[in-house]
Amino acid sequence: MKRVYVNEEWCLGCHLCEYNCAYSNSGIKDMVKALKGKTITPRIHVEDGGKIHYAVSCRHCEDPLCIKGCISGALTKDENGVVTIDHDKCVGCLTCMLLCPYGCITTDENETVLKCELCIKNGGIPACVQGCPNRAIIFEEAEE
Amino acid sequence: MKREGEFRNPSGCAIAAVISKEGRRFSAEKIIESMIPMHDRSNGLGGGFAGYGIYPKYKDFFAFHLFFDDRHIKKDVEEYLKERYEIVLSEEIPTRKIPEITDEPIIWRYFLNPLKSVLRSAQLDEKEFTARVVMHINTKMNGAYVFSSGKNMGAFKAVGFPEDVGRFYMLDEYAGYSWTSHGRYPTNTPGWWGGSHPFGLLDYSVVHNGEISSYDANRRFIEMFGYKCTLQTDTEVMAYIADFLLRRKGLTPKEMAEVIAAPFWSTIEKKDEAEKARLTYFRTIYSSLLMTGPFSIVVGYTGGLMALNDRLKLRSMVAAEKDDMVYIASEETAIRVMTPEVDKIWSPAGGEPVIVNVKDGV
Amino acid sequence: MKYVIIGNGPAAVSCIDGIRSVDAEGSITVVSKEAHPAYFRPLISYYLEGKSKEDNIYCRPENFYQKKHVETVLGEAVAIDTNNKIVALSGGENIPYDRLCICSGSSPFVPPMKGLDTLEKQFTFLTIDDSFALEQAVDKDSRVLIIGAGLIGLKCAEGLRDRVKQVTVCDLAPRVLSSILDDECAAVVQEHLESCGITFALANTADHFDGSTAYMKDGSEIEFDVLVLALGVRPNIGFFKDAGGECNRAIIVNNDMKTSIDGIFAAGDCVEQEDITFGNKRIMALLPNANIGGYTAGVNMAGGEQQFDNALPMNSIGFWGLHIMTAGTYANDGNAQMIEEKGEKSIKRFFVKENKLIGFILIGDVKSAGIYTNLVRSQADISAFDFDALIKNPNLLPFGEIYRRKTLRGVV
Amino acid sequence: MIMPINYILPEFEVERSDYRCIRCRVCERQCANGVHRYDADGDIMLSDEFQCVDCQRCVCLCPTHALKIRKNENELRENANWKQNTILEIYKQANTGGVLLSSMGNPEPFPVYWDKILINASQVTNPSIDPLREPMETRVFLGKKPHDIERDVNGNINTELPPQVELQIPVMFSAMSYGSISYNAHQSLATAAEALGICYNTGEGGLHEDFYQYGKNTIVQVASGRFGVYKDYLEAGAAIEIKMGQGAKPGIGGHLPGTKVGADVSKTRMIPEGSDAISPAPHHDIYSIEDLRQLVFSLKEATDYKKPVIVKVAAVHNIAAIASGIARSGADIIAIDGFRGGTGAAPTRIRDNVGIPIELALAAVDKRLRDEGIRQNVSLVVGGSVRSASDVIKAIALGADACYIATSALLALGCHLCRTCQSGKCNWGIATQDPELVKRLNPETGKERLVNLLTAWKHEIKEMMGLMGINSIEALRGNRLMLRGVGLNEKELEILGISHAGE
């Protein structure tokens, strides 16, 4: 399946992916309107360590622990292998957060669990990938 | 109005050629007639013919055909020639007075034998020497123009329709084994006789239909080698290129075709290694002689001719065979005038030369 | 091949998936005493709270059993004839098996208490039916007394708070969540719960009841309308024990999820298996373990090969915005070194033994906790990287580029 | 010493739309000059405009397009003689006592002859050719062409040629050294050259060991500093270029400050880490044309006569005679760099006042070589502000065999011509050695953009060839009839060897 891959060799730590993610998932057409004055809760996050930068988002694991641990059946893998969350089912227990080895599950200010769903609900090409100024984030079939 | 040579003069045209592979000599009557159905390809501003084997009696001498504007320049030229050649014969070229052809200049011919002492001191062979003489007269001697300079051949040209030019020069009374002809459709000309085709140097003559877009690239290249393109016509530059490649560089007519209408790189890549190397070699060293844009030409030379289209075949040209005769023309209709029956008729592909050489010893 | 599964919870449905991943043909029979398709048990409190709708609590789509060719039988297993490979049900029915998986879960533990019989509205809180019943029993004027300040009791309190007038939780233990939290951490949680309107009576419990009054051990009295007994659970293992299977507090299984009896497997809340952080077998009655264990059992039952060799206890629990996560072994018993990181409203405690993170407690700040869990699970040598940085900020930086290249650029 | 009053205001103003700004702080993270700063107390973005060089990095990365960099419109009193910039330069020199430094090409309003030349098209007498239907050839060979054909006894032609550089389009990336530009920029150029079937040029900084694999698409340069020159280096490339001069700074040398000489640059240049890399103004073994001939043949000797040798010179007043000398020196290719050519750093005065336009230099050189009958001895490559496919077409028609592009290539890589390369803080990861900045140029993207640029040019070149009725680039070379001048005087037309439009 096509996944989002991050090549830290090219990640500049600009954090644009976070803003593009938040914007894309806001459902609002204008970025200013979507993000102005807000603390964003992106589904991808950049980790910075001095000169090292890289973005992390859901790996859409082959055998996802988050799904194994989900107490409400909110997390499932769709037919394409994308780990998706059903917010109607999620009760916010955060077991998924406790299980995800990559730290890729977050919540918004309302404690809604957020995770990367590869933008399948917002157009198909992940916003982080589209907006990455240095192609550090790519969307492709796995190398292996 | 500017004279030919002072501006770039593109033109459309009709060409035709006929050759006997056996080397039989025949009159120009048929080829003159062949130009009639192609009348509309000319506009009366130029026509001409070249015949090979027409001066058997004087075959060892350079036959110079000249136009003179006046007697003074004629005198100057004759002085100039005398210093370099034995003038074997000097005569007016016979013409027939017809109403279609008027305002003729002085038209003269000389059969010339270069002086050995002069050749020795110039350290040149007689052809190179003669070519330089022609170049000198045409570029330095205002009012004189050498329009034919080969041996046992001659070009005849005038302002007018080609069929009228043929009658004017009484070409029906000459006999040659190979004839080429040309009807001209210049788009801008004062109608100078020298501007008509065929154009030649030594025994190379060119009739041409088309307009080469590579003209200035070809001209500026060939001018590095002593040629002076005084007319700014494609035909002139082609004639010089023919002289350069065939005489001076010793290429065969086929090789010349591979230079001026070189195969595309994509074609070359499909050839075997040796052929690829050869064609690449030509395209590399003579890249400036590649001719692009539309043309169909017939290059006449002693013992044969080559007809060639540009590599995209942007101009029509048909070839046919009947017995030992080979015919070339812009249009099939012209061939049918010369020979209603043919053994074979075809339209040569772009860049594929039709080379006809007469039997050895002719 | 005849497969029989006792119980119909997450472990059971995962077991079905496991079997079917290997064997598409064999017959599968599921025996359950609950008349519902498998549902997510932890949702019963969220149901009460209104966060989960009844339609949304089921583990699998409606047509799951049909699609997987599973026969469901309502009934309770009471005995296993291991010689003839037959499961006997309470209704007298006998079900033959080739491979059996016990996913029977547990039942509420209700100690004998004086006066219980005088109470009109008393409940345990383990099944969805308990939730339905409670829903019916309470109204906005109800005063609820919950006995037990463990996970079940507190989640029940959370579920009920907005439906009732008052919720009081009592426990003999001096702190909330006594099985997973120490005093200090428990105090933080308790304070938060109190601020959210829950009343506690700790180090104290009901001695006896009379009508709507609970007479507490310390002599006080609590008036209530509805009683919830959340004193813990006991694995449903009697029939297995009777058949001679090896049990401790629950059915002992190995990493294949095999029990001591040939052909019998077990998974879910009714098993004890090795805790990698502890080195011994223990009950780890947690949904992820049930899922993984059930699936593992299923695969192995059908002749496949799978191991569940990295089980560890863990909890993620939240009450009105305060999240508590624990994993592994974190009793500060002196064998392990405790490293603490306190924030304004958070406590993080890490327990390290022989350069391995063996457990942690996170309160308040639970961001990216899975990175810690993964360290526990993988038993990584934490001296190999900057663990101090990780404690402050759980991310992938300390693991180095090679690890990140593998995990972030490959398929994991 | 601190000057009591700074007469110089910031050159640019940061115009930030507060309505649009979402405080994502991308500008702050991306500005190596430290212009932008977030102030948490006021929840506001602040700007230190003194640091701004108008590189446009922040503008391009701002996701809400909240930023514009504008020229500071503060105006000194108007004076046609003492223009504002002239005055400011005086202030700067009075402040520092130093030579003014700048980079990239001459920005002054000298005539751009490319823009005063128009291209012909076929109408009626000659058909234009549709490049979508017919082959349209852009391949060229650079190198000496033999005068005479040799045949063996059987009449077969000896097809061995002097060494040639084969290019699929008559454009190459001109010299930019590793050191002046980044590793990633070099990788972009090398990989793009390979993909395009053309060459890039190492510049004078040697060849990084990683890039030897692109040798057949590499021209290795030998300049006065001789950095990184050794046998393997000379043998690595498709051709060897002797750099005598550079259009941006004819007659002077170069200076790569030690701060840019990190481990990798040091190894590649074969000089100690941290030492200044100074290229002398002249080659100290070339004080005349006969010395050049010796170097040409030394290099040929060293490489077994298998590599064409390019001699690169700046276009200066006597360029035709210089070129004639070079054409007789044994060199195979002459590269001429016009006065508008770029650089990593040059004294401003020299950049803006020395040299002549490449168009005139090219026309003069091509004519001179033809007049002397030695045009076949050498190929001509021209650079120094070739900005588009039509500039290429015009250059070829004037007589060039190929063009060198550098600024155009850098623009494709993201350069915004802020002309501050000398600072080493290129925000686009091009003219810098700072690893944090270098990584901003992903060479995959760089390659793709370069390939795109030249693919686009190739399409345009073919389109223009087609409309002239030319289907092979060699038929355009020196084909000056295809050009007409507009608004040029007699002398200019004469030098260019073209007629005026309408003639």
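Chains as they are written, first to last, in this note's numbering: chain A, 10 to 153; chain B, -9 to 352; chain C, 50 to 461; chain D, 55 to 557. Each residue gets a CB set at the ideal place from its N, CA and C atoms; glycine is no exception.
* Asked: For Q300 of chain D, which of helix, strand or coil comes out of DSSP?
  -> coil
* Asked: Counting contacts by CB-CB distance shorter than 9 Å, is I325 of chain B in contact with chain D?
  -> no
* To do: Classify N10 of chain D as helix, strand or coil using the three-state DSSP reduction.
  => Because chain D here runs from 55 to 557, residue 10 of chain D falls outside it and cannot be looked at.
* Report the neighbours of R424 of chain D on chain B: residues whose CB is nearer than 9 Å to its CB, in chain order. => The contacting residues are R210, F211, E213 and M214.
* Asked: Is M25 of chain B helix, strand or coil by DSSP?
  -> coil
* To do: Mind listing the chain C neighbours of A151 of chain A? Cutoff is C-beta to C-beta under 7 Å, in chain order.
  => G459 and V460
* To do: For K266 of chain B, collect the residues of the same chain with a Cβ closer than 8 Å to its Cβ; drop the 5 residues on either side in sequence, then sort them by chain order.
  => I258 and E259
* DSSP puts C150 of chain C in a beta bridge; with which residues? -> For C150 of chain C, which the question treats as bridged, DSSP gives the partners C:I54 and C:F314.
* I212 of chain B: which of B:E201, B:M281 and B:I231 sits nearest, CA to CA? -> B:I231
* Asked: Are any of the Cβ atoms in chain D nearer than 9 Å to that of N230 of chain B?
  -> According to the sequence provided, residue 230 of chain B is Tyr. The question's Asn does not apply to it. With 9 Å as the cut-off, Y230 of chain B does not count as an interface residue toward chain D.
* **Cut-off 6 Å between Cβ atoms - residues of its own chain near K82 of chain C, not counting five sequence neighbours on either side** => E125
* To do: Name the two residues that bound the continuous alpha helix (DSSP H) containing I196 of chain C.
  => Taken as a continuous stretch (DSSP letters only), I196 of chain C belongs to no alpha helix (DSSP H), being part of the beta strand (DSSP E) at R192 to I196.
* **For R268 of chain B and N208 of chain D, the rounded distance between their alpha carbons** => The alpha-carbon separation between N208 of chain D and R268 of chain B amounts to approximately 14 Å.
* Asked: At a cut of 8 Å, does the stretch 212 to 227 of chain D reach the stretch 321 to 341 of chain B through at least three beta carbon pairs?
  -> Flag = no, the stretch 212 to 227 of chain D and the stretch 321 to 341 of chain B do not touch.
* Candidates C:G342, C:H257 and C:I310: which alpha carbon is nearest G164 of chain C's? -> Nearest neighbour of G164 of chain C by Cα position, chosen from C:G342, C:H257 and C:I310, turns out to be C:H257.
* DSSP puts D220 of chain C in a beta bridge; with which residues? -> Beta-bridge annotation (DSSP): D220 of chain C is paired with C:L251 and C:N253.
* **Rounded separation between I201 of chain C and G500 of chain D - CA only** => Computed Cα separation, rounded: 59 Å.
* **Residues near A360 of chain C by beta carbon distance below 7 Å, same chain, minus five either side** => Correct list, in chain order: Q322, E323, D324, I325, M333 and N338.
* To do: Express the C-alpha separation of A399 of chain D and Q476 of chain D in angstroms, rounding to a whole number.
  => 5 Å
* **In chain order, each beta strand (DSSP E) run of at least 3 residues that lies wholly inside the stretch 122 to 171 of chain B** => 134 to 138 and 143 to 148
* Asked: Distance, Cα to Cα, D406 of chain D vs T140 of chain D?
  -> The alpha-carbon atoms of D406 of chain D and T140 of chain D are separated by roughly 12 Å.
* Run of the alpha helix (DSSP H) containing I93 of chain C, from where it starts to where it stops -> L92 to E98
* Could you work out which residues of chain D lie near H24 of chain A, taking near to mean beta carbons separated by less than 9 Å? => C78, R79, V80 and R83
* Please say whether A429 of chain C and N405 of chain C have beta carbons closer to each other than 9 Å? => The amino acid at residue 405 of chain C is misidentified as Asn; the sequence shows Lys. A429 of chain C is positioned such that its CB atom lies closer than 9 Å to that of K405 of chain C.
* Asked: Since E490 of chain D meets chain A, which of its residues come closer than 7 Å, beta carbon to beta carbon?
  -> At a C-beta separation below 7 Å, E490 of chain D has these neighbours in chain A: K60.
* Best match in C:L175, C:F181, C:V122 and C:I271 for proximity to A279 of chain C [C-alpha to C-alpha] -> Checking every option, the nearest Cα to that of A279 of chain C belongs to C:L175.
* Asked: In this structure, does DSSP put C296 of chain C in helix, strand or coil?
  -> strand
* Asked: With a cut-off of 9 Å, does the C-beta of G112 of chain A fall near any C-beta of chain D?
  -> Chain D contact via Cβ: absent.
* If you run the structure through DSSP and keep just helix, strand and coil, what is T173 of chain C? -> strand
* Asked: Name the residues in the stretch 81 to 112 of chain A whose C-beta lies less than 9 Å from a C-beta of chain C; which are they?
  -> S81, G82, A83, D95, D97, K98, C99, V100, G101, C102, L103, T104, C105, M106, L107, L108, C109, P110, Y111 and G112
* To do: Would you tell me roughly how many angstroms separate the C-alpha atoms of L243 of chain D and Y237 of chain D, rounded to the nearest one?
  => Cα to Cα, L243 of chain D sits roughly 10 Å from Y237 of chain D.
* To do: Note down, in chain order, all residues in the stretch 204 to 226 of chain D with a beta-carbon under 7 Å from any beta-carbon belonging to chain B.
  => Listed by position, the residues of the stretch 204 to 226 of chain D near chain B (Cβ gap below 7 Å) are I211, T213, L215 and Q218.
* Should T78 of chain C and E120 of chain C be called a contact, given that it needs their Cβ atoms to be closer than 9 Å? -> yes
* To do: Rounded to whole angstroms, what's the CA-CA distance from G13 of chain B to Y164 of chain B? Just pull it up for me.
  => Y164 of chain B has its alpha-carbon roughly 15 Å from the corresponding atom of G13 of chain B.
* Ignoring anything shorter than 4 residues or poking outside the stretch 244 to 318 of chain B, list the alpha helix (DSSP H) runs there in chain order. => 255 to 258 and 263 to 275
* Take R458 of chain C and list the residues in its own chain whose beta-carbon comes closer than 7 Å to its own, dropping the five residues that flank it on each side. => none
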